[in-house]
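Q: With my numbering, the residue at position 279 of the first sequence is 279, and numbering never jumps.
Glycine is no exception: its CB is placed at the ideal position from the N, C-alpha and C atoms.
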Amino acid sequence: MPSEGATILHADLDAFYASVEQLLDPSLRGRPIAVGGSATGGVVLAASYEAKAFGVQGGMPGWRAARLCPRLTFVRGHFREYQRLGDAAIAVLRDVTPAVERISIDEAFLDVSGSTHLFGPPEVIGAMIRRRVREEVGLPISVGAARTKHLAKVASQVAKPDGLVVVRPGTEREFLEPLPVGLLWGVGPVTQQRLADQGIHTVGQLAQVPGSVVEPLLGTAVGHRLSALTHDEDPRRVDTSRRARTVGAQSALSRRRPERDDVRATLSHLADRVARRLREKDLAGRTVTVAVRFAGDGRATRSWTLTQPVAATLTLTEVAERLAWSAIEERGPAAEITLLAVSVSHLTTQRTVQLELDLPPQDPWRPGTAPGAARRAVDGSMDRARARFGRDAVGYLPALLGRAGGVPEEFRELAERDL
DNA sequence: TCTGGGGTCCTAGGACCC
DNA sequence: TCTGGGGTCCTAGGACCC
1 MPSEGATILH ADLDAFYASV EQLLDPSLRG RPIAVGGSAT GGVVLAASYE
51 AKAFGVQGGM PGWRAARLCP RLTFVRGHFR EYQRLGDAAI AVLRDVTPAV
101 ERISIDEAFL DVSGSTHLFG PPEVIGAMIR RRVREEVGLP ISVGAARTKH
151 LAKVASQVAK PDGLVVVRPG TEREFLEPLP VGLLWGVGPV TQQRLADQGI
201 HTVGQLAQVP GSVVEPLLGT AVGHRLSALT HDEDPRRVDT SRRARTVGAQ
251 SALSRRRPER DDVRATLSHL ADRVARRLRE KDLAGRTVTV AVRFAGDGRA
301 TRSWTLTQPV AATLTLTEVA ERLAWSAIEE RGPAAEITLL AVSVSHLTTQ
351 RTVQLELDLP PQDPWRPGTA PGAARRAVDG SMDRARARFG RDAVGYLPAL
401 LGRAGGVPEE FRELAERDL
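#1: Mind checking whether A39 and G62 have CB atoms under 8 Å apart?
#2: So, using beta-carbon positions, are P122 and A145 closer together than 8 Å?
#3: If I measure Cβ to Cβ from V96 and keep anything under 8 Å in the same chain, skipping five residues before and after, which residues do I get?
#4: Compare the beta carbon distance of A341 and T313 with 8 Å and say whether it is the shorter of the two.
#5: So, do the segment 166 to 174 and the segment 144 to 158 have three or more beta carbon pairs nearer to each other than 8 Å?
#6: Give me the residue from A66, L316, I337 and V203 with the minimum Cα distance to R276.
#7: Anyone know if the C-beta pair for T287 and V344 falls short of 8 Å?
#8: Can you tell me which of the three DSSP states H346 falls into?
#9: What is the C-beta distance between A311 and L278, in whole angstroms, given that I count them as a contact (C-beta under 8 Å)?
#10: Which two residues bound the contiguous alpha helix (DSSP H) that contains A146?
#11: When you compare each of A284, S156 and V133 to R376 by their alpha carbons, which one comes out closest?
#12: Using beta-carbon positions only, say whether A335 and P258 come within less than 8 Å of one another.
#13: Just reading off the alpha helix (DSSP H) that R130 is part of, what are its end residues?
#14: Return the chain-ordered list of same chain residues with a C-beta closer than 7 Å to the C-beta of R391, the five sequence neighbours on each side being excluded.
#15: Taking all protein chains shown into account, do 16 or more other C-beta atoms lie within 10 angstroms of the C-beta of D106, making it buried, or fewer, making it exposed?
#16: Locate the alpha helix (DSSP H) running through W63, then write down its first and last residues.
#17: Please list the terminal residues of the continuous alpha helix (DSSP H) segment that includes T315.
#18: Rounded to whole angstroms, what is the Cα-Cα separation between H269 and L176?
Here it is as structure tokens:
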């Protein structure tokens, strides 16, 4: 267990999308703004600190945000700018050390144990990062430093907005004890409520309770993580080479009774998005999962594990269709659906040319009649046309239908991008 | 007046194998 | 005539994160 110092840093851009909007348009500075959504619908993707003061949060329906904050300004996102500026901020971190683990568009862990001889102790490095991102990128960023990733992440949350918090080795318990349990990574609304039901509100109170009491409430994994945290035994290291384990796409739909053509159109659009991304990365996956959300808050998933990995749009579409109808039919004839999702997991790296050498005949859901070679040819020519003329040059017809009511295409591109 | 899209990880039960 | 234990894989659901 390393104990030299607080050499794990977590750097997190503050209210990222909203801060970018305020950077781009000075008239928005100092004002409550929401990125995405509107006063009548949609969802808020991010809120400025001025808006958060009214209780506006990311993920909230627009009409609710407007009610909480009548002077709220809704702005459309500049998603390409988020990509560019997020990358620029991460580039500053990589100047400090190559040991950077980016975990989202706007945050990353750094292990600076090899950099202190160059730049000074962690608090100096943290201050330097914050100054450089402010000066060179124009955005506020908060930094937490501690002996472990989890603690560094908690520290950066405590540092927000626009601050730096260093948890010195030996002071971890003191730091954690007064904090609300909801600040811990992995403790969301449900767990928080379960703990509150037991009278546990702070990390200090949680630490008093024996593991045998907490674990049945939270499950052994969460229980162990929390106990490791409060006993300073979090072993996780900064990992610079994370690989995706699933690739998926989803579409929210206006509430509707599922019709064959409609469902097929949406699923082939989603399958096309997923399969194209798999092929771009020379990946294929054995398990296909479909999720269906029903009106009235029900949700079902169906999955199917094939004997060979798939990356062909048509194969994926066919399997997805069967899975979706299995879930819909089980729900009963009155079911209305509000979302469809397709994802692929059990990913393996493979040259595209080796794929779909056809599923064995004993596979009860052996997809259709087009042989593997024909499917590869179709996908290959689509991929090439898109490479030359852009993504919208060719597409499955539903790709055009699927737009209605959704989020801007640039947002999907931002979300699906590799970190 | 019902709410986006991208993910990760965990759990529990059943099938199957040795 | 019926009883063990351990391991792996698959499926479905759920909590959580940005």
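A: Taking the coordinates as given:
#1: As a position in the first sequence, residue 39 is number 39, starting the count at 1. As a position in the first sequence, residue 62 is number 62, starting the count at 1. Yes, the Cβ-Cβ distance between A39 and G62 is below 8 Å.
#2: Along the first sequence, read from residue 1 onward, the residue named residue 122 stands at position 122. Along the first sequence, read from residue 1 onward, the residue named residue 145 stands at position 145. A contact, by the Cβ cut-off of 8 Å.
#3: Taking the first residue of the first sequence as 1, we reach residue 96 at position 96. L110, V112, S115, F119, I125, M128 and I129, listed in sequence order.
#4: Working through the first sequence from its first residue, we reach residue 341 at position 341. Working through the first sequence from its first residue, we reach residue 313 at position 313. The beta carbons of A341 and T313 sit no closer together than 8 Å.
#5: Counting Cβ pairs under 8 Å, three or more are found: they touch.
#6: Numbered from 1 along the first sequence, position 276 holds the residue referred to as residue 276. Comparing Cα-Cα distances from R276 to each of A66, L316, I337 and V203, the minimum goes to L316.
#7: Residue mapping note: residue 287 aligns to position 287 of the first sequence, counting from 1. Residue mapping note: residue 344 aligns to position 344 of the first sequence, counting from 1. Result yes, Cβ atoms of T287 and V344 sit closer than 8 Å.
#8: Position 346 of the first sequence, counting from 1, holds the residue named residue 346. Correct three-state label for H346: strand.
#9: In the first sequence, residue 311 corresponds to position 311, counting from 1. In the first sequence, residue 278 corresponds to position 278, counting from 1. Between L278 and A311 the Cβ distance is about 4 Å, and since that is below 8 Å, they are a contact.
#10: Position 146 of the first sequence holds residue 146. Where A146 is concerned, there is no enclosing alpha helix (DSSP H), although the beta strand (DSSP E) it sits in stretches over I141 to A146.
#11: The residue you call residue 376 lines up with position 376 of the first sequence. Among A284, S156 and V133, the Cα nearest to that of R376 belongs to A284.
#12: In the first sequence, the residue the question calls residue 335 occupies position 335. In the first sequence, the residue the question calls residue 258 occupies position 258. Annotated as proximal: A335 and P258, with beta-carbon spacing under 8 Å.
#13: Here residue 130 is taken as the residue at index 130 of the first sequence, counted from 1. Membership of R130 in the alpha helix (DSSP H) is indicated by the continuous run P122 to R132.
#14: As a first step, residue 391 is located in the first sequence; it is residue number 391 there, counting from the start. Excluding positions up to five away in sequence, the list is empty.
#15: Here residue 106 refers to the residue found at position 106 of the first sequence. By the 16-neighbour rule on beta-carbons within 10 angstroms, D106 is buried.
#16: As a working note, residue 63 is residue 63 in the first sequence. G62 to L68 is the extent of the alpha helix (DSSP H) around W63.
#17: Translated into the one-based positions of the first sequence, residue 315 becomes position 315. In this chain, the alpha helix (DSSP H) harbouring T315 covers T313 to R331.
#18: Translated into the one-based positions of the first sequence, residue 269 becomes position 269. Translated into the one-based positions of the first sequence, residue 176 becomes position 176. Going by the C-alpha atoms only, they are around 47 Å apart.
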